[in-house]
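**Student:** Take this structure first; my questions come after.
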Amino acid sequence: MSKIIEGLKYSDTHEWVKVEGDIAIIGVTDFAQKEMGEITYVDCPDVDDEVEKGAEFGALESVKAASDLFSPVTGTVVEVNEAVVDDPKLVNDDAFENWIIKVQMSDVSELDALMDASAYKAFIKE
Amino acid sequence: MDGEIKKTCLYDRHVALGAQMSPFAGFDMPIQYAGITQEHLAVRNRVGMFDVSHMGEIFISGPDAERYINHIFTNNISGYKPGKILYGMMLYPNGGCVDDLLVYREFEPDHFLLVVNASNIEKDYDWMLKNCTGYDVRIDNQSDAWGQIAVQGPESEKTVLEVLALDCAKPLAFYEYCNAEYNGHRLIVSRSGYTGEDGFELYATLQDTVEIWDRLLKAGVQPCGLGCRDTLRFEAGLPLYGDELSEDITPIEAGLGIFCKLDKAEFIGRESLVAQKELGVEKKLVGIEIFDRAIPRHGYPVELEDGTQIGEVTTGYHSISLDKSICFALVKPQYAALDTELFIRIRKKVFPGKVIKKRFYETKYKK
Numbered sequence: 129m130s131k132i133i134e135g136l137k138y139s140d141t142h143e144w145v146k147v148e149g150d151i152a153i154i155g156v157t158d159f160a161q162k163e164m165g166e167i168t169y170v171d172c173p174d175v176d177d178e179v180e181k182g183a184e185f186g187a188l189e190s191v192k193a194a195s196d197l198f199s200p201v202t203g204t205v206v207e208v209n210e211a212v213v214d215d216p217k218l219v220n221d222d223a224f225e226n227w228i229i230k231v232q233m234s235d236v237s238e239l240d241a242l243m244d245a246s247a248y249k250a251f252i253k254e
Numbered sequence: 369m370d371g372e373i374k375k376t377c378l379y380d381r382h383v384a385l386g387a388q389m390s391p392f393a394g395f396d397m398p399i400q401y402a403g404i405t406q407e408h409l410a411v412r413n414r415v416g417m418f419d420v421s422h423m424g425e426i427f428i429s430g431p432d433a434e435r436y437i438n439h440i441f442t443n444n445i446s447g448y449k450p451g452k453i454l455y456g457m458m459l460y461p462n463g464g465c466v467d468d469l470l471v472y473r474e475f476e477p478d479h480f481l482l483v484v485n486a487s488n489i490e491k492d493y494d495w496m497l498k499n500c501t502g503y504d505v506r507i508d509n510q511s512d513a514w515g516q517i518a519v520q521g522p523e524s525e526k527t528v529l530e531v532l533a534l535d536c537a538k539p540l541a542f543y544e545y546c547n548a549e550y551n552g553h554r555l556i557v558s559r560s561g562y563t564g565e566d567g568f569e570l571y572a573t574l575q576d577t578v579e580i581w582d583r584l585l586k587a588g589v590q591p592c593g594l595g596c597r598d599t600l601r602f603e604a605g606l607p608l609y610g611d612e613l614s615e616d617i618t619p620i621e622a623g624l625g626i627f628c629k630l631d632k633a634e635f636i637g638r639e640s641l642v643a644q645k646e647l648g649v650e651k652k653l654v655g656i657e658i659f660d661r662a663i664p665r666h667g668y669p670v671e672l673e674d675g676t677q678i679g680e681v682t683t684g685y686h687s688i689s690l691d692k693s694i695c696f697a698l699v700k701p702q703y704a705a706l707d708t709e710l711f712i713r714i715r716k717k718v719f720p721g722k723v724i725k726k727r728f729y730e731t732k733y734k735k
């Protein structure tokens with residue numbers, strides 16, 4: 129069973145969002161890291177890059193494949209988790225602890241379209 | 369393919385071991401058990417085993433068998449002694465590749481075993497039948513009757529001797545095989561593999577394959593999935609049909625010309641290869657290293673500094689044994705020289721790299 133945390137928002141492309149004011153902290157779900165296997169590389173945008181809801185903002189690479197990361201919100205990257213870039217396996221160790229980017233949202237109402245924990249749990253049908 | 373996914377004789381074992389299963393070449397195959405890195409390193413450092421029962425076994429016999437195989441096969445089996453194995457390809461007349469395969473010369477005169485890729489069994493068998501007119505041969509596709517386990521790694525000889533008591537394995541050099549008996553059935557002990565390490569491929573009945581697997585597992589041999597089979601073969605510079613060879617890629621383009629004996633009187637595709645040798649090729653397979661941890665994948669563009677695309681990645685990984693991001697790529701031949709500076713586009717970014725030798729990892733075959 130994959131871990132799912134209450135109080136977070138979830139996308140159908142398996143990103144999670146933790147909201148702190150107008151900042152969205154974005155990572156991938158435990159389900160996603162399990163599907164991918166050992167993560168060996170994190171391809172991240174730079175601080176000040178714009179990201180758009182539903183658009184690719186980077187990728188995670190496992191030994192065998194690359195999986196695109198899609199932004200659940202629109203806004204500006206304000207921070208990149210350098211610890212994860214330096215040691216991608218942290219995402220395998222704890223996908224919720226080890227966020228990937230923080231985005232200053234330009235439209236907080238976009239969050240309404242995301243799933244809550246119980247909807248995401250149903251979505252992955254484990 | 370009729371859409372029905374096939375299972376090898378070891379399917380239940382994979383499921384019981386908790387393997388991550390995925391369709392490959394029409395079979396539901398284990399991708400990994402413990403993790404690709406762990407399995408890869410087990411093969412490099414100790415010993416691992418792979419279920420490769422999906423591979424195809426086609427037996428060819430008859431008075432014209434040798435002449436027929438030389439007609440459809442790029443390498444030259446004439447003069448090859450019983451117990452020897454030869455690698456080569458079957459080609460279309462235009463030089464494109466039907467498949468790459470192994471030919472085993474059997475101890476019985478005029479008998480051969482051809483081992484082909486799982487994804488190509490039906491296509492190969494049809495090709496063989498289509499091209500046998502005028503040859504007195506029997507072509508027998510026994511793929512469904514044989515299981516196969518590849519035992520690979522520096523401890524593979526010790527393993528087959530101590531765990532399976534296959535004494536005939538010891539004197540074999542790489543690309544030689546012997547016949548053993550197991551439960552009264554034939555067991556083919558082939559010193560060969562697809563990892564760059566010493567190793568054995570054991571062809572047995574389905575039931576015996578399961579028994580052999582269980583004995584190896586009990587002895588502590590690491591089960592290994594197709595995930596690390598690909599990382600291992602890639603590091604060893606070995607091509608995979610579908611990536612480095614295909615109906616659109618000739619062996620000359622793939623750098624496999626040494627397995628094509630153009631001095632043979634004839635074989636299907638020979639004229640096209642001769643022409644390619646004389647006139648040059650449009651693309652050539654190279655190794656490329658990029659100076660970053662980003663990973664070049666199949667299909668990613670290879671570019672010059674000004675953004676002109678000059679080729680495409682065929683396979684790429686962050687190499688587990690070498691800790692470098694490397695790939696095979698097909699590029700225009702003028703950019704194939706060692707140390708040529710090239711760039712690979714990975715999503716939105718472009719990474720500089722250079723052409724390096726295709727055999728990324730030094731193979732350790734038994735001479």
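Heads up: the protein sequence lines correspond to chains V and H, in order. For the first sequence, this note's numbering begins at 129 and goes up steadily by one. For the second sequence, this note's numbering begins at 369 and goes up steadily by one. We put the beta carbon where it would ideally sit given N, CA and C, even for glycine. Nothing here was measured: the structure is a model prediction, and the numbers come from that model.
1) Under 7 angstroms, CB to CB, which of the residues in the stretch 148-168 of chain V have a partner in chain H?
2) Here's the rule I'm using: 16 or more other beta-carbon atoms within 10 Å means buried, otherwise exposed. How should L606 of chain H be labelled?
3) Tell me the rounded alpha-carbon separation between I404 of chain H and G515 of chain H.
4) Residue ranges of each alpha helix (DSSP H) run of no fewer than 4 residues wholly in the stretch 576-625 of chain H, ordered along the chain?
5) Considering only the beta carbon of each residue, do T708 of chain H and K722 of chain H sit closer than 8 angstroms?
6) By Cβ distance, which residues of its chain are closer than 6 angstroms to M369 of chain H, with the 5 residues on each side in sequence left out?
7) Does the distance from the CB of P200 of chain V to the CB of L136 of chain V come in under 8 angstroms?
8) Are F635 of chain H and F480 of chain H touching if we call contact CB-CB under 8 angstroms?
9) Need the endpoints of the alpha helix (DSSP H) that D196 of chain V sits in, please.
10) Could you tell me which whole beta strand (DSSP E) segments of length 3 or greater appear in the stretch 486-566 of chain H?
11) Counting only C-beta atoms, is D171 of chain V closer than 8 angstroms to chain H at any point?
12) Can you tell me which of V:A152, V:E134 and V:I167 puts its alpha carbon nearest to the alpha carbon of G203 of chain V?
13) How long is the line joining the alpha carbons of L346 of chain H and Y455 of chain H, rounded to whole angstroms?
14) Which residues does DSSP pair with R713 of chain H in a beta bridge?
15) What are the residues of the stretch 667-686 of chain H that lie near chain V, defined by any Cβ-Cβ distance shorter than 8 angstroms?
16) Evaluate E210 of chain V with the Cβ neighbour count: other Cβ atoms within 10 Å of its Cβ, from every protein chain shown; 16 or more gives buried, anything less gives exposed.
17) If you measure from the CB of F198 of chain V, is any heavy atom of the ligand PLP nearer than 7 angstroms?
18) Below 7 angstroms between beta carbons is the criterion; list the residues of the stretch 401-433 of chain H that meet it against any residue of chain V, in chain order.
19) Run through the DSSP bridge pairs and tell me what T683 of chain H is partnered with.
20) Are any of the Cβ atoms in chain V nearer than 8 angstroms to that of A662 of chain H?
21) If we count the other Cβ atoms within 10 Å of its Cβ and call it buried at 16 or more, is K716 of chain H buried or exposed?
22) Taking 8 angstroms as the threshold (C-beta atoms), are F392 of chain H and L594 of chain H in contact?
23) Sorted by chain position, which residues of the same chain lie with C-beta nearer than 7 angstroms to M164 of chain V's C-beta, five sequence neighbours on each side aside?
24) Indicate the three-state DSSP secondary structure (helix, strand or coil) for F441 of chain H in the structure shown.
25) Measuring CB atoms only, is the stretch 399-413 of chain H touching the stretch 607-625 of chain H, in the sense that at least three cross pairs come out at less than 8 angstroms?
26) Which residues in chain V have a C-beta closer than 7 angstroms to the C-beta of G595 of chain H? List them in chain order.
27) Which residue or residues does DSSP assign as beta-bridge partners of Y472 of chain H?
28) What does the Cβ neighbour count give for H553 of chain H, buried or exposed, with the cut at 16 atoms within 10 Å?
29) Quick check on V170 of chain V: does DSSP put it in helix, strand or coil?
30) Closest to I724 of chain H by CA distance: which of H:C536, H:E657 and H:A402 is it?
31) With 16 other CB atoms within 10 Å as the buried threshold, where does G149 of chain V fall?
32) Beta-carbon separation of Y685 of chain H and R713 of chain H under 8 angstroms?
33) In the stretch 695-725 of chain H, which residues sit with their C-beta less than 9 angstroms from some C-beta in chain V, listed in chain order?
34) Can you have a look at D222 of chain V and say buried or exposed, based on whether 16 or more other CB atoms are within 10 angstroms of its CB?
35) Going by Cα to Cα distance, which pick from H:R435, H:H439, H:K375 and H:S689 is closest to Y460 of chain H?
**Tutor:** Reading off the structure:
1) For the stretch 148-168 of chain V, which is checked against every Cβ of chain H, the residues closer than 7 angstroms are G165, E166 and T168.
2) Its Cβ being crowded by 16 or more others within 10 Å, L606 of chain H is buried.
3) Counting only the Cα atoms, G515 of chain H lies some 23 angstroms from I404 of chain H.
4) As far as the stretch 576-625 of chain H is concerned, its whole alpha helix (DSSP H) runs of at least 4 residues are 594-603.
5) Contact check for T708 of chain H against K722 of chain H passes: the beta carbons are separated by less than 8 angstroms.
6) Reliability fails at M369 of chain H, whose pLDDT of 46 lies under 50, so the model's placement of it is uncertain and the value that follows must be treated cautiously. Cβ within range, chain order: G394.
7) Here P200 of chain V is not near L136 of chain V, since their CB atoms are 8 angstroms or more apart.
8) No, these two residues do not count as a Cβ contact at 8 angstroms.
9) For D196 of chain V, no alpha helix (DSSP H) encloses it; the enclosing beta strand (DSSP E) starts and ends at A194 to F198.
10) Segments of the beta strand (DSSP E) lying fully in the stretch 486-566 of chain H: 506-509, 514-520, 544-550 and 553-559.
11) Chain H, which has a Cβ nearer than 8 angstroms to the Cβ of D171 of chain V, makes this yes.
12) If we check each option's Cα against that of G203 of chain V, V:A152 comes out closest.
13) For residue 346 of chain H there is no data in the structure shown, the boundaries of chain H being 369 and 735.
14) H:V718.
15) Per Cβ criterion, the list reads Y685 and H686.
16) Burial is judged here by how many other beta carbons sit within 10 angstroms of a residue's own beta carbon; E210 of chain V has fewer than 16 and is exposed.
17) As far as ligands go, the structure on display features none, and thus does not contain the ligand PLP.
18) Along the stretch 401-433 of chain H, the positions whose C-beta sits under 7 angstroms from a C-beta of chain V are G403, I404 and T405, read in chain order.
19) Paired residues: H:F696.
20) Interface residue, yes.
21) So K716 of chain H counts as exposed.
22) The Cβ atoms of L594 of chain H and F392 of chain H lie closer than 8 angstroms to each other.
23) Contacts found: L188, S190 and S195.
24) Shown here, F441 of chain H sits in coil according to DSSP, grouped into three states, outside any helix or strand.
25) Three or more Cβ pairs closer than 8 angstroms define a contact, and the stretch 399-413 of chain H falls short of that threshold against the stretch 607-625 of chain H.
26) In chain order: V191 and K192.
27) Within the DSSP bridge table, the entry for Y472 of chain H names H:I453 and H:L481 as partners.
28) The residue is exposed, with fewer than 16 neighbouring Cβ atoms inside 10 Å.
29) Three-state result, V170 of chain V: strand.
30) Distances from the CA of I724 of chain H to each of H:C536, H:E657 and H:A402 were compared; the closest alpha carbon is that of H:E657.
31) It counts as exposed.
32) No; because the gap between Cβ atoms is not below 8 angstroms, this pair is not in contact.
33) Legend: CB atoms of the stretch 695-725 of chain H lying less than 9 angstroms from CB atoms of chain V belong to residues I714, R715, K716 and K717.
34) With fewer than 16 Cβ atoms within 10 Å of its Cβ, D222 of chain V is classed as exposed.
35) Closest option to Y460 of chain H, Cα to Cα, is H:H439.
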